[in-house]
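Residue numbers (this note's numbering): 290 to 759.
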């Protein structure tokens, strides 16, 4: 009898033990299932919140298309601005909250920054935030935009899109697209062809022909030129810097790393011969013989704009985003040029330059052997380049300038926009005779996202130039 009771008690203990173990296992499994379900629900809400946040960015792009430059969502007050997110089937399922600001120079919007935070009605505590920068695309997206036929020589290395509305001979190395607005064009001796011949829109001995395209849509050069009258008005009335006619040859302007600009009157220049394909041999006065102090200005960070109603010799260390124009907007037939007189460097990673000439942007004769130029250079009605000089014959330069006729290298970081043919190297057959022996060009990615004031636009439509999740 006692043996049976003992056996029954043992069985009961076993049942209780294994039952407890089973219960723990089942409870743990159920807890795991519930936890995983909660995790999946949370992930779903996070994804829904992200989709709503992205919808907020797209919504404000649509809003800007109808209300350009409006950063207050039509309220004239600071945000954030909360907007319902509606599903076509379920109605309002969440909200996005928008914080909008702009980078503005001289009263003109350069780009618009948007932070969009999305969340659902089912779980308003689960939020995702995305950031987007909207801007109208500018010429900074290109290494070159040219409104004429052009020849890029074998010594050239070009990083960034290269476009000509005319034909392109590409013997250099391009690491991005090369496009021509022409299906075919006539290559002449001035482009290295022994006789006039019809060639493809882009042709040559360059190694990356897979990146060539023609005919491509021409870029409206008239549409992207700078409104010089607007630049003058902003400089005079928007707290920029306006410099009137000098009464002499023009001004020597030097950027300084401390945020100032030194301006000197150019009252004497050397007279010598220079050659261009368009005009042949002409006398020019692009080398300073003497200059005198005129003024020192402090750049205004809210409107770092300089308008000069005269010819400009330009050099220095650019301390911030700044734009300079040399033009005469009143006198018909008087178009001023910019002479790149020396290295143009940047003080820091936030620096950037736009230099616009109503006529030419020319690299001077007396310049460093290894020259560095940073910025966006626009020759609105003329050309970007360096004229041809010689040390012999009746058109030779002054003896003191003989060593400057040939230079070793030109390194450019930025963009060239030229109405006429560009060129900074001159050869006779295969012999280098004038200009820079090697040239390296790269577009400036920083200026794509953060261009200088009033940079020429290639489109009036806003687009994303930056996106990330915060």
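The C-beta atom is built at its ideal place from N, Cα and C for all residues, glycine as well.
All of these numbers come straight from a predicted model, not from anything done at the bench.
A contact is defined here as three or more CB-CB pairs under 8 Å, and the segment 383-394 meets this definition with respect to the segment 407-414. Under the 8 Å Cβ criterion, the segment 468-476 counts as touching the segment 503-514, having at least three qualifying pairs.
Judged by DSSP in its simplified three-state form, residue 345 adopts helix. The beta carbon of residue 430 lies closer than 6 Å to those of 737 in the same chain, with the five residues before and after it left out.
Within the same chain, 468, 469, 471, 472, 489, 490, 491 come within 7 Å of residue 503 by CB-CB distance, once the 5 residues on both sides are set aside. Close CB contacts of residue 689 within its chain, under the 8 Å cut and outside five residues either way in sequence, are absent. Residue 741 is positioned such that its CB atom lies no closer than 8 Å to that of residue 631. Residue ranges of uninterrupted beta strand (DSSP E) with 3 or more members, entirely inside the segment 436-500 and ordered along the chain, are 439-441, 445-448, 451-453, 457-459, 467-469, 473-476, 486-489. Residue 701 is bridged by DSSP to 662, 730. Shown here for residue 342: same chain residues with a beta carbon closer than 7 Å to its own, the five before and five after excluded, namely 385, 405, 406, 407, 417, 418, 419 in chain order. In the DSSP assignment, residue 387 falls within the unbroken beta strand (DSSP E) covering 380-394. Taking every protein chain shown into account, the CB of residue 371 has fewer than 16 other CB atoms within 10 angstroms, so this residue is exposed.
Under DSSP, residue 570 takes part in a beta bridge, and its partners are 564.
Straight through space, the alpha carbons of residue 612 and residue 623 are spaced by roughly 21 Å. Restricting attention to 445, 367, 735, the CA atom closest to the CA of residue 664 is found in 735.
For residue 654, no alpha helix (DSSP H) segment is defined, and its DSSP state is neither H nor E. According to the DSSP assignment, residue 511 belongs to the alpha helix (DSSP H) that extends over 510-513. Distances from the CA of residue 694 to each of 678, 684, 599 were compared; the closest alpha carbon is that of 678.
By the C-beta criterion, the segment 450-468 is judged to be in contact with the segment 424-441, since at least 3 inter-stretch pairs fall below 8 Å. Looking from the CA of residue 707, the closest CA among 455, 748, 351, 375 belongs to 455. Between the alpha carbons of residue 544 and residue 366 lies a gap of roughly 38 Å.
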